[in-house]
Amino acid sequence: MSISKHLHQIKSQLPTHVTLVAVSKTKPISDLQEAYAAGQRIFGENKIQEMIEKHEQLPADIQWHMIGHVQRNKVKYMASFVSLIHGVDNFKLLQEINKQGLKHNRVIDCLLQIKIASEDSKFGMTATEAFEILNSEIFDSLKHINVVGLMGMATFTPDQHQVAEEFKYLKATFENLKHISKYNCNLHTISMGMSGDYKLAIANGSTMIRVGSSIFGARNYKI
Ligand SMILES: *Cc1c(COP(=O)(O)O)cnc(C)c1O
Numbered sequence: 065m066s067i068s069k070h071l072h073q074i075k076s077q078l079p080t081h082v083t084l085v086a087v088s089k090t091k092p093i094s095d096l097q098e099a100y101a102a103g104q105r106i107f108g109e110n111k112i113q114e115m116i117e118k119h120e121q122l123p124a125d126i127q128w129h130m131i132g133h134v135q136r137n138k139v140k141y142m143a144s145f146v147s148l149i150h151g152v153d154n155f156k157l158l159q160e161i162n163k164q165g166l167k168h169n170r171v172i173d174c175l176l177q178i179k180i181a182s183e184d185s186k187f188g189m190t191a192t193e194a195f196e197i198l199n200s201e202i203f204d205s206l207k208h209i210n211v212v213g214l215m216g217m218a219t220f221t222p223d224q225h226q227v228a229e230e231f232k233y234l235k236a237t238f239e240n241l242k243h244i245s246k247y248n249c250n251l252h253t254i255s256m257g258m259s260g261d262y263k264l265a266i267a268n269g270s271t272m273i274r275v276g277s278s279i280f281g282a283r284n285y286k287i
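Listed below in structure tokens is the structure:
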């Protein structure tokens, strides 16, 4: 099946409150163009350099989401155009995003990444750390970021019960934090769910899914 068929099939089954991020990492420009022609406007990348190159070559009305782990010293390269940074997992990174937002005279939307997986390899902060950041005085001075929600990645396991529990935990964390309402904190997004688990994620409260291989096919990391 073609990219546009995959896209239409996924979208036709999505509840209206769920946003689809098409994860195009490692995929060639032509694949993104096909998705664009089919109406897709939100693309997710996990490497800043790759996102910059694609941003330069593709239409300006695409919203670019950084879904990968972000190194602080690289924020400056995407600050002028990134539309949402999913993987904010520490306060220093948030401060750097704010600094770069100021330089570019814009407010950059961010999600706080919460560690929900049992694997050591997955990034993210604890729910307590997120609570402390959002309630800190110094957070209130960050005028060039807007924290709009939370992001999480479940454990890579066939155990659907475990994955569901991890999604439930992120949803519960969101419910605990969403009363924190500030000019730079407006929590409405829960980014969870990928190709293998997005239906389970939606059933457990996801409002934004990040889907790659189910749209573009399996990735080949050797190229
Ligand atoms: C690659 C990636 C995805 C998409 O994975 P698929 O299984 O191909 O849908 C989603 N989220 C993050 C953070 C990723 O790095």
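For the sequence shown, my numbering gives the first residue as 65, with consecutive numbering after it.
Built from N, CA and C at the ideal position, the CB exists for glycine as well.
Values in this document were obtained by computation on a predicted structure and should not be read as measured data.
Backbone CA spacing between residue i and residue j [nearest angstrom]
| i | j | result |
| --- | --- | --- |
| Glu239 | Ala191 | 11 Å |
| Lys246 | Asn154 | 19 Å |
| Ile209 | Asn169 | 11 Å |
| Pro92 | Val227 | 31 Å |
| Ala181 | Gly103 | 33 Å |
| Val171 | Tyr141 | 15 Å |
| Ile287 | Lys242 | The predicted model places Ile287 with a pLDDT of 49, which falls under 50 and marks its position as unreliable; any figure quoted below should be read in that light. Whole-angstrom Cα-Cα distance: 42 Å. |
| Glu183 | Gly216 | 13 Å |
| Ser66 | Glu98 | 9 Å |
| Asn290 | His119 | Only positions 65 to 287 of the chain appear in this structure, which leaves residue 290 out of reach. |
| Arg263 | Arg274 | The displayed chain sequence assigns Lys, not Arg, to residue 263. C-alpha separation (whole angstroms): 11 Å. |
| Leu251 | Leu234 | 13 Å |
| Ser144 | Gly165 | 8 Å |
| Met258 | Ser205 | 34 Å |
| Met256 | Lys167 | 30 Å |
| Ala223 | Ala265 | According to the sequence as given, residue 223 is Asp; it is not Ala. Going by the C-alpha atoms only, they are around 14 Å apart. |
| Val36 | Ile178 | Here the chain has residues from 65 to 287 only, and residue 36 is not among them. |
| Leu175 | Lys232 | 17 Å |
| Tyr100 | Ser277 | 16 Å |
| Val82 | Thr253 | 9 Å |
| Ser76 | Thr90 | 26 Å |
| Asp261 | Thr221 | 10 Å |
Those residues which DSSP pairs with residue i across a bridge
| i | result |
| --- | --- |
| Thr83 | Met272 |
| Gln177 | Met215 |
| Thr253 | Gly213 |
| Ala106 | Per the sequence shown, residue 106 should be read as Ile rather than Ala. According to DSSP, Ile106 bridges with Gln127. |
| Met189 | Ile178 |
| Leu148 | His129 |
| Ile172 | Ile209 |
Reduced DSSP category for residue i - H, G, I as helix; E, B as strand; rest coil
| i | result |
| --- | --- |
| Asp204 | helix |
| Met115 | helix |
| Ile244 | coil |
| Asp184 | coil |
| Gly220 | It is Phe, not Gly, that sits at residue 220 in the sequence shown. Of the three classes helix, strand and coil, the one that applies to Phe220 here is coil, per DSSP. |
| Asn154 | coil |
| Lys91 | coil |
| Gly165 | helix |
| Ile287 | Model confidence at Ile287 stands at a pLDDT of 49, short of 50, so the residue's coordinates are unreliable and nothing is read from them. |
Residue i burial status per 10 Å Cβ neighbour count (16 or more: buried)
| i | result |
| --- | --- |
| Ala282 | exposed |
| Ile202 | exposed |
| Glu230 | buried |
| Thr80 | exposed |
| Glu196 | exposed |
| Gln113 | exposed |
| Asn268 | buried |
| Gln73 | exposed |
| Asn199 | exposed |
| Glu109 | buried |
| Asp125 | exposed |
| His129 | buried |
| His70 | buried |
| Glu117 | exposed |
Which residues have a Cβ closer than 5 Å to any heavy atom of ligand 1, listed in chain order? Val87, Asn110, Ile131, Met258, Ser259, Arg274, Val275, Gly276 and Ser277
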